[in-house]
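I have placed the structure first, in the form of structure tokens, so that the comments after it can refer back to it.
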């Protein structure tokens, strides 16, 4: 991972929003999950983490922008 586990403060909450497809086809985040999970109190997995929340927020912001654009 781009973010090494040793860089994570013990007890930290790690929210990994990165998504990378590896040569073997597997998806991985930006954080070295195995190493970081030994130090972090909480850590989001990739896949199966914050992706749905990211999509929902993007949709919400898109609808807000469209409403602002078409105000009377």
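Residue numbers (my numbering): 20 to 91.
Beta carbons are placed, not taken as given, at the ideal position from N, Cα and C, and that holds for glycine.
Rounding to the nearest angstrom, what Cα-Cα distance links residue i and residue j in this structure?
i, j, result
"residue 44", "residue 65", "13 Å"
"residue 63", "residue 83", "28 Å"
"residue 67", "residue 85", "29 Å"
"residue 25", "residue 61", "15 Å"
Which of the three DSSP states is assigned to residue i in this structure?
i, result
"residue 76", "helix"
"residue 21", "coil"
"residue 81", "helix"
Since residue i and residue j should fall inside the 8 Å C-beta cutoff, what is the C-beta to C-beta distance between them, to a whole number of angstroms?
i, j, result
"residue 55", "residue 33", "6 Å"
"residue 20", "residue 69", "Not quite, the Cβ-Cβ distance comes to about 16 Å (not below 8 Å), so this is no contact."
Taking 8 Å as the limit between beta carbons, can you name the residues of its chain near residue i, skipping five residues before and five after?
i, result
"residue 39", "46, 47, 48 and 49"
"residue 74", "none"
Verify the CB distance criterion: does residue i have a CB-CB separation below 8 Å to chain B?
i, result
"residue 74", "Considering every chain present, this structure includes no chain B. It has just one protein chain."
Kindly list the residues whose CB is nearer than 6 Å to the CB of residue i, restricted to its own chain and excluding five residues on each side of it in sequence; keep chain order.
i, result
"residue 59", "27, 31 and 33"
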